[in-house]
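Student: Here the working numbering is used: the first residue of the first sequence is 98, the next is one more, and so on. One structure follows; several queries about it will come next.
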Amino acid sequence: MSSSQIKLFDIYNKLYKRFGSQNWWPADTDFEVVIGAILTQNTAWSNVEKAIANLKKKRLLSAKKLRALKLVRLAELIRPSGYYNIKTKRIRAFLDCLFSDYNGSLKKMFKSDLSRLRQALLGINGIGPETADSIILYAANRPVFVVDAYTRRIFSRHDIIKPEATYDQIQRFFMDNLPLDRGLFNEYHALIVELGKNICKTKPRCDICPIACFVK
DNA sequence: GACCAGGCACATC
DNA sequence: GATGTGCATGGT
Numbered sequence: 098m099s100s101s102q103i104k105l106f107d108i109y110n111k112l113y114k115r116f117g118s119q120n121w122w123p124a125d126t127d128f129e130v131v132i133g134a135i136l137t138q139n140t141a142w143s144n145v146e147k148a149i150a151n152l153k154k155k156r157l158l159s160a161k162k163l164r165a166l167k168l169v170r171l172a173e174l175i176r177p178s179g180y181y182n183i184k185t186k187r188i189r190a191f192l193d194c195l196f197s198d199y200n201g202s203l204k205k206m207f208k209s210d211l212s213r214l215r216q217a218l219l220g221i222n223g224i225g226p227e228t229a230d231s232i233i234l235y236a237a238n239r240p241v242f243v244v245d246a247y248t249r250r251i252f253s254r255h256d257i258i259k260p261e262a263t264y265d266q267i268q269r270f271f272m273d274n275l276p277l278d279r280g281l282f283n284e285y286h287a288l289i290v291e292l293g294k295n296i297c298k299t300k301p302r303c304d305i306c307p308i309a310c311f312v313k
């Protein structure tokens with residue numbers, strides 16, 4: 098094993114030991130994962146939960162129901178998640194793609210091979226690499242590594258990646274140095290988020306960041 | 001009241 | 001290609 102491989106396994110093991118299984122994604126259906134992935138863009142999950150709860154309460158959390166909903170009504174329901182006007186358009190854009198290209202069926206959409214699925218998702222306005230990969234990993238159950246702000250912050254602080262590395266470069270680093278295991282990728286990303294939520298809020302904390310005791 | 005959160009698109013240079 | 005800005009609510 099290379100030193101990068103050893104480091105990534107070591108960090109994973111330490112995170113798992115510290116935080117345990119995260120059981121991601123917190124959703125009842127694949128469609129809920131998709132909506133949650135869009136709603137959580139640059140947003141605290143606690144706010145997303147309120148928006149999802151609104152949709153669930155009205156029994157609207159399905160592709161068909163949401164598609165039939167007026168945009169102002171959708172915006173009103175997802176309001177607690179913030180950026181609600183933009184997110185309304187993004188959800189709509191996803192649904193447009195889902196219905197025009199896959200007959201409204203997530204199952205059909207997820208059947209295409211991994212790179213075609215990723216390209217299709219990235220082609221939707223409002224779905225960038227992290228949202229696309231979250232959908233692919235946590236809804237389509239395919240092995241892609243999800244990179245987020247915490248991943249960059251934590252791993253660059255520990256000199257494992259460069260802070261200026263692109264999304265694709267960081268993703269490649271993880272996927273080149275870990276087995277392509279969707280269970281592992283699922284848990285690893287969730288653990289990184291859990292660590293980030295707990296301690297890695299602002300840059301100046303780096304020196305006293307408790308992650309040091311996990312990594313070093 | 002400031003700062004942040006599981007991003008992304010778009011404008012401008 | 002790099003850098004800056006708008007989008008918005010709710011918790012600390």
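Virtual Cβ for every residue (Gly too), placed ideally from N, Cα, C. Nothing here was measured: the structure is a model prediction, and the numbers come from that model.
Using only CA atoms, which one of S159, G293 and Y247 lies nearest to G133?
Tutor: Minimum Cα distance to G133 is reached at S159.
Student: Please classify E227 as buried or exposed, where buried requires at least 16 other C-beta atoms within 10 Å of its C-beta.
Tutor: Its Cβ being crowded by 16 or more others within 10 Å, E227 is buried.
Student: Whose C-alpha, out of G225, V290, F128 and Q119, is nearest the C-alpha of G201?
Tutor: The shortest Cα separation from G201 among G225, V290, F128 and Q119 belongs to F128.
Student: Mark I296 as exposed unless 16 or more other C-beta atoms lie within 10 angstroms of its C-beta, in which case mark it buried.
Tutor: With fewer than 16 other Cβ atoms within 10 Å, it is exposed.
Student: Helix or strand or just coil, what does DSSP make of T137?
Tutor: Looking at T137 - three-state DSSP - the assignment turns out to be coil, as it is neither helix nor strand.
Student: Taking all protein chains shown into account, do 16 or more other C-beta atoms lie within 10 angstroms of the C-beta of K184, making it buried, or fewer, making it exposed?
Tutor: By the neighbour-count rule (16 or more Cβ atoms within 10 Å), K184 is buried.
Student: What are the start and end residues of the alpha helix (DSSP H) that includes G220?
Tutor: From DSSP, G220 is part of no alpha helix (DSSP H); its letter is neither H nor E.
Student: Can you tell me whether D304 is buried or exposed? The criterion is at least 16 other CB atoms within 10 Å of its CB, across all chains shown.
Tutor: Note on D304: pLDDT 45, under 50, position unreliable in the model; the coordinate value appears next. Per the 10 Å Cβ criterion, exposed.
Student: How would you write the range of the alpha helix (DSSP H) that M206 sits in, first residue to last?
Tutor: Counting along the chain, the alpha helix (DSSP H) containing M206 begins and ends at L203 to K208.
Student: Beta-carbon within less than 7 angstroms of L192's beta-carbon, same chain only, minus the 5 sequence neighbours each way: which residues are those?
Tutor: For L192, where only same-chain residues beyond five positions count, the Cβ hits under 7 angstroms are A160, L163 and R164.
Student: Report the option in F207, A287 and R250 whose CA atom is closest to the CA atom of V243.
Tutor: For the residues F207, A287 and R250, the minimum Cα distance to V243 belongs to A287.
Student: Here's the rule I'm using: 16 or more other beta-carbon atoms within 10 Å means buried, otherwise exposed. How should R187 be labelled?
Tutor: Buried, by the Cβ-count rule.
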